[in-house]
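Down below is the structure, laid out as structure tokens.
Residue numbers (the working numbering): 4 to 131.
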């Protein structure tokens, strides 16, 4: 599997197959965490695209032309925090800053500045 960040994939690409080696790595990790699964059977798999940033943290920011905002790159974890993010984005759009939570660190500019986010408890980079 490539280690570089993939940008610009077509949504019309192959989503019928997982990337080479991904299923094997996923099965190994599942069995390591849940040993009883080593006797299980894989009945199917699905490949697809997800919005992932280089630091695996979302972008919540005004970007580009006036009125254009980014709320993306949650690496598959956005659904559970959608109400809070929605409130923050509404505040950012209407008031110019979020007050429900401090989202300043999730700026798009962090990538150009070379200051990607690192969590207090970083997860292993599973997507690459």
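The beta carbon of each residue, even a glycine, is placed where N, CA and C say it ideally should be.
With DSSP run on the structure shown, which of helix, strand or coil describes residue i?
{"i": "residue 98", "result": "helix"}
{"i": "residue 55", "result": "strand"}
{"i": "residue 104", "result": "coil"}
{"i": "residue 5", "result": "Residue placement at residue 5 cannot be trusted, given a pLDDT of 42 that sits under 50; the coordinates are not used to answer."}
Keeping to the same chain, check which residues put their C-beta closer than 7 Å to that of residue i; ignore five residues upstream and five downstream.
{"i": "residue 56", "result": "62 and 76"}
{"i": "residue 101", "result": "91, 94 and 95"}
In chain order, what residues of the same chain lie with their CB nearer than 6 Å to the CB of residue i, ignoring the 5 residues before and after it?
{"i": "residue 106", "result": "63 and 91"}
{"i": "residue 58", "result": "119 and 120"}
Looking at the secondary structure, which residues open and close the beta strand (DSSP E) in which residue i lies?
{"i": "residue 62", "result": "62-65"}
{"i": "residue 73", "result": "72-75"}
Grab the span of the alpha helix (DSSP H) containing residue i for me, first residue to last.
{"i": "residue 25", "result": "25-36"}
{"i": "residue 115", "result": "112-115"}
Using a Cβ-based criterion (distance less than 7 Å to any ligand heavy atom), does residue i qualify as near the ligand MG?
{"i": "residue 117", "result": "For the ligand MG, the structure offers nothing, since it holds no ligand at all."}
So, at 8 Å on beta carbons, what are the nonlocal neighbours of residue i in its own chain, with the 5 sequence-adjacent residues on each side left out?
{"i": "residue 103", "result": "87, 90, 91 and 94"}
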